[in-house]
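Chains as they are written, first to last, in this note's numbering: chain A, 88 to 272; chain B, 5 to 262; chain C, 3 to 498. Glycine residues also receive a C-beta, built at the ideal position from the N, C-alpha and C atoms.
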Amino acid sequence: MEHPTTQPSQHSRRTFLFKLALLANGAVGAVLAVPILGYILGPVFKRGRSYEYWIPLGFLHQFPEGETRLAHFHNPDGSPADGQTRTLPCWVRHIKQNQFQVFAINCAHMGCPVHWFPQSKLFMCPCHGGVYYQDGARAAGPPPRGLFEYKYKIVGDRLMIRAGQLPTLATHASIAAPGSSPCQG
Amino acid sequence: MKTPAKILAAVLLSASVGCNHLPGKPGLRPETQRPDQTHDFATLYKTNCSACHGDNGKNGPALPLNNPVYLAWAGHDAIQGIVSNGVPHRLMPAFGPGAGGLLTAEQVEDIVNGMMKNWGKKDVLNGQNVPAYNPGSAGDPTQGQAVFQRNCASCHGADGKGVAGGPPHVTGSIVDPSYLALISSRGLRDIIVAGIPEQKMPDWRGDASGKPMTDREVTDVVAWLVSQRTPHPGTMVTPADKRKNQAAIAPVQSRGGR
Amino acid sequence: MSGLKQKGIAIYRWLDSRLGLAGPVIEAAEHPIPKSSASWWYVFGSAATVILMMQIVTGVLLALVYTPTARDAWNSLNFLNHGLTLGWFLRALHGWGSDFMVAIVLIHMTQVFMFGAYKFPRELTWILGVFLLLMTFGMAFTGQVLRFDQDAYWGIGIGASIMARVPFVGSKLVHLLLGGPIIGATTVSRFFALHVFVIPGILLAFVGLHVWMVLRLGINEWPMPGRLVRRSTYIQEYEAEIHKDGVPFVPDAGWTDAMFAAAIILAIMACAALFGPIGPTGPPDPTIIQTVPKPDVPFLWIYALLALLPPKLETPILLIVPVVVICVMLALPFFAGEGEKHWSRRPIAVLMVLVIAVSLGTLTVVSLNPPWSPEMTAWSADPVQPRFLRGRTPLERQGAIVFQEKQCRNCHALAGLGGKRGPDLASVATRLTEDELVRQVLQGGGNMPAYGSALSPAQTTALVAFLGTLNGNERPARDPSLELTHSNAAQKQQKF
């Protein structure tokens, strides 16, 4: 009996059909890849700004003039499975009257929580030794810039901040701290 | 080969049950507590107070807290107020939540109660005629100077500037303008009435005059000390010095050069 | 008894006639290797494989209880530690197994490098090995995150901050890493998928290929100085050596591998039994700011590097150096694929290993007691030792209170007690005069911030008065120029 491969016409048809089947799989795979990639890259496509909301921080009388106090806010986006990670702290400096500075808790170096000391008027970071002055400017250590600040506004007697993202050199929410270049990060 | 296998099985089985008593086994509760859940007085005191007030409430640069006279005299509420709110414009920080501190109200209570329990003696002031915790009225500096001469000058010098060559605890000035700027009249009253036992500063009963000080006398002495404050403590160049310096360099300036 | 034995053999024959695995497995086990390779120096690769098996088993058992959400992970870890019989031991095995795995993989890589086993024809084995090393570190990092406590929470923040430094796509990488805008449930769950599904899958595939190639290409012979590797002649020379001096892997060399594997597993069990599980530390609550986050031991060298790199160089170094290093490692068999294998003829290789080992070792050791961060509680928890207060005037004692209250102690120790960021001040008065102390405190300099805005003149006077007494019975520092221009009495008055 003749070996099937030595019959050119039947061999080329089967080969052609096999190649067609491969092409079909390739096409289906490409189409399937789109929603899968979309799912994986979902968090990336959402624009940074749309993660931010105006969030209430507390009443004005909770922040006496001339002092820097710790405040907490709840992240608006999220699921119940976030647990404690949904409540985030920040430092509110009441300069005078309606002038505030709201600093993110995250150090500008690597994001560790900075600790305010009212006696020496310094923020100190426990991780790699970053230190900032009371207006957020960098005082010492490895941070490349001053503390990240949230945009704020006063609505009635409440202080509100525009927040919602983890502040990093690429995702910091608003104004560059004094003494640093706005081009940085 | 049956018996050794049985023995081995028995050993392994009992080992797997007894495994639960090894040194690596963690204790009953999570190892790390939240900082606001710490209620142990020794830990709270050591972490927050011992740096200035000393280990075990003594031998620190600030007022010793293991003094039963001070604890009984000031009382629970006054001490709680100071721990919570600090002493404004002075060196004692505020630890309570309402004033921006990082302790909870409960933890402040734990500290105050712990001090009273460990170092206080309830009856130490019984039958004693102790001056009031707060001054009743403004004191008289002139009277105060006289009181100072009677009670304090033998150690602190006639003018309060210390006794040269004396023992360590009396050589320093207590009217140095910087010193008076840093200590409040509350602090002065505390030292005079409660004393600093480890520094050989007597309480209101043990002064040179031999008689316990009255409330009036304490108020007057504090008023006299406070009257020694200067408007620009710690600055090296007073306005008078400035005028003198200007007068000294004026001839050089008029010559137009060095 | 012989009836049971015969039944066993019958079952074995039934399986083998269908699977046909016995032949290849026995052939692989008994494959000839050079006699010089039957050595204790060659055991590390198989030890890594055995630890991998143990990690998979303990990992699966942990996954039966562990809850990969931000809300429940910490609770489930504590449940494993305190609520389940021997749950703590299982966690301890997995945690210590991870540290041992990193160590064994590094030792294995160093041994392979020093023995020249990356040279022809084993280049692909080496390349896969480099990826296996990276994946081992990936497993260590994702595993550390899954132990979702305070260290892990702020550790992810550090990872996100490093990602953020990549130009153009920084924010996208941050959101990809976190699975959203902040560290939350999406972050923990994607690290769980990475740690349990993605990386182990690739890891097992690569380990399979790696071992396949080791079997196929033969175990590296013990290097000889002067015996060069040449692509044209190596395979024939290797075959000749095996024919002349070959021994079967099992049992001649396999016994050392098996012994060492048993010893390593025993060591992991001993560490687990004696030292217990690693963490979890405090709950992953970002509002707890009294925290000092630190990574696990395999990452302490990065922790040190991040503290010590100068700020302006940090981003370029963090982004460029690892890529260059990995590319060099991957390209190694191509620019050094022939030539000498013995370390006595490869001075650069020996030097590189020594320099890298000493650097990483030093960075790790220094991180165990880090001197670069202030100690956050030293200002209120470390007392001024009584001997620094003896015989001081009231003003100097107030100065000691100022010294504590202004958090000086956070960076400066007194006779060893306190922070290590700045110099110990127990004898500062022998180095700085009063003027210099005033300037230093008000203006700072270098790594010290300026305290001028936080100190009143009275506080400065008191502080400098106290610091001026810290001369430890040595002669205090003095400014000779003052003596030349003023009398002693005037010197006391004129302090500026």
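With distances taken from CA atoms, which of A:P143, A:P151 and A:S166 is nearest H159 of chain A?
The residue with the shortest Cα to Cα distance from H159 of chain A is A:P143.
According to the Cβ coordinates, are F405 of chain C and L465 of chain C closer than 8 Å?
Contact flag set, yes.
Are there three or more Cβ pairs, one per stretch, closer than 8 Å when the region 210-217 of chain A is compared with the region 279-295 of chain C?
Enough Cβ pairs lie closer than 8 Å, so yes.
Please name the residue, chosen from A:L119, A:Y220 and A:F187, that lies closest to K238 of chain A on a Cα-to-Cα basis.
K238 of chain A has its Cα closest to that of A:F187, out of A:L119, A:Y220 and A:F187.
A269 of chain C: which of C:N80, C:D101, C:L23 and C:G25 sits nearest, CA to CA?
Comparing Cα-Cα distances from A269 of chain C to each of C:N80, C:D101, C:L23 and C:G25, the minimum goes to C:D101.
Can you find a C-beta in chain C that's less than 8 Å from the C-beta of Y183 of chain B?
So yes, Y183 of chain B belongs to the interface.
Give the DSSP-derived three-state secondary structure of Y219 of chain A in the structure shown.
Y219 of chain A falls in the strand class under three-state DSSP.
With a threshold of 6 Å on Cβ separation, who are the neighbours of T144 of chain C within its own chain once the five nearest residues in sequence on each side are excluded?
Only F193, L196 and H197 meet the Cβ criterion.
Of the residues C:I184, C:L217, C:N473 and C:L307, which one's Cα is nearest the Cα of I28 of chain C?
That would be C:L217, whose Cα lies nearest to the Cα of I28 of chain C.
Taking 8 Å as the CB-CB limit, is P65 of chain B close to chain A?
No, no contact with chain A.
DSSP has W141 of chain A in a bridge; who is on the other side?
W141 of chain A pairs with A:R249.
Name the two residues that bound the continuous alpha helix (DSSP H) containing K246 of chain C.
Unbroken alpha helix (DSSP H) run through K246 of chain C: Y236 to D247.
In three-state terms, what does DSSP make of Y68 of chain C?
Coil at Y68 of chain C, not helix or strand.
Give me the Cα-Cα distance between G243 of chain A and H148 of chain A, rounded to the nearest whole angstrom.
So the alpha carbons of these two residues sit roughly 12 Å apart.
Verify whether the separation of the beta carbon atoms of D219 of chain B and P97 of chain B is less than 8 Å.
Contact: no.
Check the DSSP bridge columns for A158 of chain A and list the partner residues they point to.
For A158 of chain A, which the question treats as bridged, DSSP gives the partners A:C177.
For chain A, check one thing: does any of its Cβ atoms lie closer than 8 Å to the Cβ of G104 of chain B?
Yes, its Cβ sits closer than 8 Å to a Cβ of chain A.
Which residues bound the alpha helix (DSSP H) around A351 of chain C?
Taken as a continuous stretch (DSSP letters only), the alpha helix (DSSP H) holding A351 of chain C covers P349 to L370.
K183 of chain A bridges to which residues according to DSSP?
Answer is A:Q186, bridged to K183 of chain A.
Can you tell me whether P265 of chain A is helix, strand or coil according to DSSP?
Its pLDDT being 43, under 50, P265 of chain A is placed unreliably in this model, and the value from its coordinates should be taken loosely. Three-state DSSP puts P265 of chain A in coil, outside helix and strand.
Who are the Cβ neighbours of D40 of chain B in its own chain at under 6 Å, not counting the five residues just before and after it?
For D40 of chain B, where only same-chain residues beyond five positions count, the Cβ hits under 6 Å are T108.
When you compare each of B:P8, B:T42, B:G164 and B:M205 to G284 of chain C by their alpha carbons, which one comes out closest?
Selected option, being the one with the closest Cα: B:T42.
Look up K264 of chain B in the DSSP assignment and give the residues it is bridged to.
There is no way to answer for residue 264 of chain B, as the model of chain B reaches only from 5 to 262.
Mind pulling the chain A residues with CB within less than 8 Å of P97 of chain B?
Per Cβ cutoff of 8 Å: P205 and Q206.
So for C270 of chain A, helix, strand or coil by DSSP?
Its pLDDT being 40, under 50, C270 of chain A is placed unreliably in this model, and the coordinates cannot settle the point.
Using the three-state DSSP reduction, which class does W208 of chain B fall into: helix, strand or coil?
Residue state, collapsed to three classes: coil.
If distances are taken between C-alpha atoms only, which option among C:H110, C:E125, C:I158 and C:L148 comes closest to L135 of chain C?
The option with the nearest alpha carbon to L135 of chain C is C:H110.
Could you list which residues in chain B have their beta carbon closer than 9 Å to that of T462 of chain C, in chain order?
Per Cβ cutoff of 9 Å: S182 and G238.
Report yes or no: is there a C-beta of chain B within less than 8 Å of the C-beta of A492 of chain C?
The predicted position of A492 of chain C is uncertain, since its pLDDT is 47 and thus under 50; a value taken from the coordinates is nonetheless stated next. Not an interface residue.
In chain order, what residues of the same chain lie with their CB nearer than 7 Å to the CB of D481 of chain C, ignoring the 5 residues before and after it?
These residues qualify, in order along the chain: T435 and D437.
For the region 442-460 of chain C and the region 219-230 of chain A, state whether three or more C-beta atom pairs, one from each stretch, are separated by less than 8 Å.
Counting Cβ pairs under 8 Å, three or more are found: they touch.
Determine the extent of the beta strand (DSSP E) in which R225 of chain A is found, giving its start and end residues.
Start and end: R225 to A227.
Whether or not the region 33-41 of chain C and the region 252-266 of chain C are in contact is what I'm after, with contact meaning three or more pairs of Cβ atoms, one per stretch, closer than 8 Å; do they touch?
Verdict: yes, contact present.
Establish whether the CB of G251 of chain A and some CB of chain C are separated by less than 8 Å.
With 8 Å as the cut-off, G251 of chain A counts as an interface residue toward chain C.
Would the region 380-399 of chain C and the region 46-64 of chain B be scored as touching if the rule is three or more Cβ pairs under 8 Å?
Yes, since at least three Cβ pairs between the region 380-399 of chain C and the region 46-64 of chain B fall closer than 8 Å, the two stretches touch.
For M137 of chain C, which three-state DSSP category applies?
In the structure shown, M137 of chain C sits in a helix (DSSP, three-state: H, G or I).
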